[in-house]
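Numbering (my numbering), first residue to last: 25 to 484. Read through the structure below, which is laid out as structure tokens, and then see the notes.
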Ligand SMILES: Cc1cc2nc3c(=O)[nH]c(=O)nc-3n(C[C@H](O)[C@H](O)[C@H](O)COP(=O)(O)OP(=O)(O)OC[C@H]3O[C@@H](n4cnc5c(N)ncnc54)[C@H](O)[C@@H]3O)c2cc1C
């Protein structure tokens with residue numbers, strides 16, 4: 025299932041032939057997964073040491089995963105500071121926060137330098153609440169941010185939000201003035217071009233079918249085998265196919281859709297160059313304008329895959345087109361009947377504390393991994409590329425000592441318990457989101473299941 029973003033980007037990238045791996049290959053570093061994590065890591069490694077022979081192995085086309093499907097909110101990691109600080113100390117937490125700001129700037133500068141049409145828009149993200157019950161939970165976070173000397177979040181009331189976005193839905197919110205919006209498809213295909221220009225070998229239509237935890241490690245593909253000094257697993261939700269990584273994350277899908285261009289209509293309702301909206305539901309909704317005057321929106325809490333069977337969920341969105349229309353129309357009722365260009369869905373890889381996890385595979389120290397962005401990977405994947413590059417180079421530096429490099433855990437049970445329990449948690453979350461809007465309590469059974477819900481990248 026291709027997103028409208030990726031379809032557009034592939035059209036613009038027409039000359040870029042996919043080159044499947046045919047035969048055996050020996051390289052310094054093999055990176056499995058051609059999304060932001062894999063491509064940024066390849067670029068970072070070549071910038072640090074141009075003599076390295078680096079290959080990216082992607083089973084489809086680069087961008088076919090989350091990187092070509094997301095909503096394009098490039099968010100700083102400030103809201104995760106309290107968790108990062110609890111896991112390490114203030115200095116190391118702040119290092120990650122600052123690195124995420126630098127990551128947003130890197131997206132802007134790399135795009136400008138390499139002619140990537142990432143449509144970087146400094147219009148911010150508004151973190152709002154669509155009912156009184158979900159409003160105000162940012163107060164504690166605002167106090168904490170002040171303590172960390174982070175001043176980029178500003179409270180807005182209903183009138184100010186209406187003026188900024190034309191939407192009446194949020195009752196209050198916080199604007200994140202350090203965030204930006206991008207075109208995810210052009211960014212990921214652009215990073216592929218940058219990687220190629222630096223001499224990275226990119227093999228698309230080349231799935232890893234087996235991983236040799238040997239010395240040196242190997243990556244088997246349908247028509248060849250890659251032997252590398254180091255292997256980087258940049259597999260996002262597909263990390264669940266690696267037994268060692270399975271118990272530290274779970275996956276749930278998010279639905280997305282995009283209208284056809286309606287720039288005049290957006291101008292009329294005050295949403296043309298407006299900030300993007302995200303709400304405070306646990307099954308978060310987002311709604312943003314695009315550079316060419318469309319609306320793109322998402323709703324999480326879609327398919328819950330069984331085990332690592334993510335591909336079975338890709339066939340269609342969890343919700344019907346009408347249900348998706350309702351999500352967008354709640355923000356802008358006058359857009360209910362506009363033509364939809366396409367709808368798609370994609371996986372979200374969640375860790376229990378909402379933070380990505382990086383490290384070395386316990387069964388083979390020469391295989392490193394990074395995943396678990398928990399719904400916010402656009403900027404953090406760039407942060408992760410520094411960590412992965414330092415792990416590959418066996419460095420002991422601020423990146424490898426970061427709190428994001430941490431032991432794998434057993435947060436999520438094996439199947440079938442994971443799927444069965446997941447359905448109960450999912451139902452409890454949906455009930456809570458609904459009851460919050462109706463001003464009702466969820467009751468003790470839902471409260472019990474809510475205790476098992478993974479944290480989001482932002483408080484809810
Ligand atoms: C609908 C949606 C909306 C989102 N919105 C936002 C947002 O607004 N802001 C934000 O920050 N984040 C958002 N995210 C999350 C963000 O997209 C991800 O965190 C980010 O793209 C992760 O990048 P990645 O490179 O790690 O993963 P991916 O881009 O998924 O890359 C992994 C790659 O591995 C490949 N692969 C899998 N198995 C194999 C194999 N066996 N062999 C070879 N290759 C393989 C896949 O094809 C894929 O291309 C959203 C995600 C979704 C689905």
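Virtual Cβ for every residue (Gly too), placed ideally from N, Cα, C.
Query	Result
The segment 117-137 touching the segment 204-224, judged by at least three CB pairs closer than 8 Å	yes
Secondary structure of residue 393, DSSP reduced to three states	strand
Per-residue burial, residue 227 [other beta carbons within 10 Å of its own, 16 or more giving buried]	buried
Closer than 7 Å: residue 259 CB and nearest ligand 1 heavy atom	yes
Selection from 258, 214, 222, 449 that minimises the alpha carbon distance to residue 232	258
Contact belief for residue 461 with residue 155 at Cβ below 8 Å, rounded distance in angstroms	4 Å
Residue 91 versus 175, 287, 463, 395, residue with shortest Cα-Cα distance	395
As assigned by DSSP and simplified to three states, the class of residue 337	helix
Touch test, the segment 305-312 against the segment 320-337, Cβ-Cβ under 8 Å, three pairs minimum	yes
As assigned by DSSP and simplified to three states, the class of residue 330	coil
Nearest-angstrom Cβ-Cβ length linking residue 518 and residue 434, presumed shorter than 8 Å	Nothing can be reported for residue 518: it is not among the residues displayed for the chain, which extend from 25 to 484.
Contacting residues, own chain, Cβ-Cβ under 6 Å from residue 162 (five flanking each side not counted)	198
Element boundaries [alpha helix (DSSP H), containing residue 119]	114-137
Beta strand (DSSP E) segments (min. 3 residues) lying fully within the segment 209-252	225-227, 234-236, 242-245
Residue 84 Cβ short of 7 Å to ligand 1 heavy atom set	yes
Candidates 454, 448, 480, 464: closest to residue 472 by CA position	448
Whole-angstrom distance between residue 408 and residue 127, CA atom to CA atom	10 Å
Buried/exposed call for residue 175, threshold 16 Cβ in 10 Å	exposed
Check: residue 315 C-beta below 7 Å from any heavy atom of ligand 1	no
Burial state of residue 173 (16 or more Cβ within 10 Å)	exposed
Heavy atom of ligand 1 within 7 Å of residue 59 beta-carbon	yes
Integer Cβ distance of residue 387 from residue 268, believed to fall under 8 Å	6 Å
Unbroken alpha helix (DSSP H) run spanning residue 352, endpoints	345-355
Delimiting residues of the alpha helix (DSSP H) encompassing residue 408	404-416
Contact test: residue 405 Cβ vs ligand 1 heavy atom, cutoff 7 Å	yes
Residue 74 burial status per 10 Å Cβ neighbour count (16 or more: buried)	exposed
Local conformation of residue 257 per DSSP, three classes	strand
Ligand 1 heavy atom lying under 7 Å from the CB of residue 250	no
Short Cβ contact (8 Å threshold) for residue 234 with residue 244	yes
Residue 26 versus residue 238 - alpha carbon distance	35 Å
Alpha-carbon spacing of residue 270 relative to residue 333, whole angstroms	12 Å
Residue 47, buried or exposed, once every other Cβ within 10 Å from all chains shown has been counted against 16	exposed
Inter-residue CB distance, residue 306 and residue 480 (contact presumed, cutoff 8 Å)	7 Å
Residue 338 versus residue 140: straight-line alpha-carbon distance, rounded	28 Å
beta-carbon residue 352 near ligand 1 non-hydrogen atom, thresh 7 Å	no
Continuous beta strand (DSSP E) stretch holding residue 431: start and end	Note, residue 431: premise wrong, no beta strand (DSSP E); not H, not E.
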